[in-house]
Amino acid sequence: MNQDTLLSVEDKVISNALKIRFYPISVASAFGTRLMDAAGVSYLDLSAGWAVAGIGYGNPRIAHQLKQQYESLSFTSQLTIPEKNMVGLAQKLIEIMPGSFEKKVWFGHSGSDANDCVFKLLPLARNRSRMVSFMGSYHGQTMGSLSLSGHPAQAKFIGSGNVLKVPYPNPYRPPFGETTALTSQVIQYIENEVFRTVCPPEDTAGLIVEGIQSDGGLVVPPDDFLPELQKLCQRYQISLIFDEVKVGMGRTGKWFSFDHFDLTPDAVVLGKSLGAGLPISAVVARKELLDTGSGVHMFTASGNPICSMAAWENIAILEEERLIENAAENGAYFLQMLGELQQKYEWIGDVRGRGLAIGVELVENRSTKAPAAEKTAAVCYRCFELGLIVFYVGIHSNVIEITPPLTISKQEIDLAVSILDQAFKDLESNSIDMEKVKQYAGW
Ligand SMILES: Cc1ncc(COP(=O)(O)O)c(C=O)c1O
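FYI, UniProt numbering numbers position 96 of the sequence shown as 96, with every residue one higher than the one before it.
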């Protein structure tokens, strides 16, 4: 099937509920940091499949282990007959997560079912019915995880009523107006307004947060925010949960985004890149939060030996090939290069990130900060035409998200920045075909 045929058949047979599209592409193969389409055109991938291909595509070590695993034990339902890969993986995750308290692990298939786990089990474990989450957050699309989410992608659904959503401290667009005290404004709002009115802290089981809000627009909160949030939770014995599905597993230059601060969450949610492309998610948490009853959040193929093997080998690769260090070093280089690009184009309002979780926010004008959604879509589209895969995120659809495989090299970063530069030049000279761009709604 050639690409045009594939895309038109796909259009007919695949549910729109499963789509966000930015341009007409399909993929035939992928290796390392590159995708290849059916016509043999190669693209440098700055998305890593929405941050799933953390160690890149087609890693031969994983391929080898998977083949052997499938031949020796293709499946067991770990709910009833466990085996060593899942158990070993759980031990490893417990070791990586900070905190000297007793921990346990729950396994699922997606970030969504893992956040569902938190949403179901925490209120039960704590005997407190409410949860707090943040506006702009993306925790998934099952009914439980969408209830926790504060992103427009889930806004068509009401979700469960026991979640109170509070503003996230976005330094570029401060929720309460320009201030030099963003952290204390948000913390005081939660403590003095929310807790005193609609969400009594003694009835609040947990607060879930992304250390960097990714689908919300790659928003990096002020450095004092997460530590102050932990103190707030401790004052009221509210469990603190970090959703590390997108920015965890080394992407920010440390295992987890909260590791940049002296923090010990009560639960950590993992997914996406955990399985190196295979579907596996996990919640690593205080033992008592996950031991709320037998068989209350089970999926038949949870922690299956194939996906567990992939995750185990993935962690070994991250450690042995020093990919987390690479994310820190090359992420800093990427940010520096994008900072230079920002000097050239007024539309680049903000460049921010940590490690290889980077956002480039486009505005119509730097003083009004009016979001430039159409221009963002056009730049992404033009990058695709020039051989670079980038998507946009954000509650205003105006942030180019850069989450490449952690294996990306400085040469590849130079190439990516030169393509972005060209795309901005083409935008400036009105040479991007906006009719083509408009056919793709993105989100
Ligand atoms: C932070 C975060 N949590 C959870 C999810 C949901 O993960 P999944 O799509 O695997 O269900 C996502 C997906 O983008 C995410 O970014």
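The C-beta atom is built at its ideal place from N, Cα and C for all residues, glycine as well. On a predicted model such as this, the values are computed, not experimentally measured, just so you know.
Whole-angstrom distance between residue j and residue i, CA atom to CA atom
i, j, result
"F195", "R126", "17 Å"
"G359", "E288", "37 Å"
"D113", "S431", "43 Å"
"D259", "L229", "14 Å"
"G339", "V351", "6 Å"
"L122", "S100", "20 Å"
"D426", "T376", "13 Å"
"E193", "V220", "24 Å"
"T368", "E346", "12 Å"
"A63", "R128", "45 Å"
"D421", "Q68", "45 Å"
"V132", "P200", "11 Å"
"I241", "R21", "31 Å"
"G253", "R354", "7 Å"
"T295", "A372", "Reading off the sequence, residue 295 comes out as Gly, not Thr. Near 48 Å, if we compare the C-alpha coordinates of A372 and G295."
"L66", "K156", "39 Å"
"I212", "V41", "33 Å"
"D414", "A332", "13 Å"
"A30", "Q185", "46 Å"
"G140", "R130", "18 Å"
"V245", "V269", "6 Å"
"E319", "A328", "14 Å"
"F75", "G58", "22 Å"
"A158", "Q411", "According to the sequence shown, residue 158 is Ile rather than Ala. Distance between the alpha carbons of I158 and Q411: 46 Å."
DSSP three-state assignment for residue i, whether helix, strand or coil
i, result
"E401", "strand"
"M309", "helix"
"S257", "helix"
"K165", "strand"
"I208", "strand"
"I432", "coil"
"E321", "coil"
"F334", "helix"
"R352", "strand"
"I419", "helix"
"residue 455", "Examination of residue 455 is not possible in this model, given that the chain is present from 1 through 443 alone."
"P371", "strand"
"I389", "strand"
"R366", "coil"
"R21", "coil"
"E178", "coil"
"I190", "helix"
"A357", "strand"
"R286", "strand"
"N314", "helix"
"Y381", "helix"
"M298", "coil"
"M143", "helix"
"K156", "coil"
"I413", "helix"
"F195", "coil"
"A441", "coil"
Beta-carbon spacing of residue i, residue j below 8 Å
i, j, result
"F107", "G303", "yes"
"S160", "A205", "no"
"D215", "Y168", "no"
"L35", "Y23", "no"
"D243", "V209", "yes"
"Y381", "K436", "yes"
"R251", "T403", "yes"
"E361", "A370", "no"
"I419", "C383", "yes"
"G275", "N314", "yes"
"E191", "L232", "yes"
"S110", "P279", "yes"
"M249", "N85", "no"
"A39", "L6", "no"
"P171", "P222", "yes"
"D224", "T179", "no"
8 Å contact criterion, which residue i and residue j should meet: CB distance rounded
i, j, result
"I94", "V284", "6 Å"
"residue 507", "A423", "No answer is possible for residue 507: the residues shown for the chain start at 1 and end at 443."
"T197", "L323", "With 8 Å as the limit, T197 and L323 do not qualify as a contact, their Cβ atoms being about 46 Å apart."
"L79", "P305", "Actually they do not touch by this definition, with Cβ atoms about 13 Å apart."
"A28", "P405", "Between P405 and A28 the Cβ distance is about 18 Å, and since that is not below 8 Å, they are no contact."
"K104", "D291", "6 Å"
"G271", "S281", "4 Å"
"L335", "V417", "L335 to V417, Cβ: 11 Å. No contact."
"G217", "V399", "4 Å"
Distance cut-off 7 Å: residue i Cβ against heavy atoms of ligand 3
i, result
"S294", "You won't find ligand 3 in this model; what it holds is ligand 1."
* **Secondary structure, alpha helix (DSSP H): runs of 4+ residues fully inside the segment 98-138** => 111-126
* **Secondary structure, alpha helix (DSSP H): runs of 4+ residues fully inside the segment 212-282** => 225-235
* Quick one: complete alpha helix (DSSP H) runs, 4+ long, within the segment 27-106? -> 48-51, 60-72, 84-96
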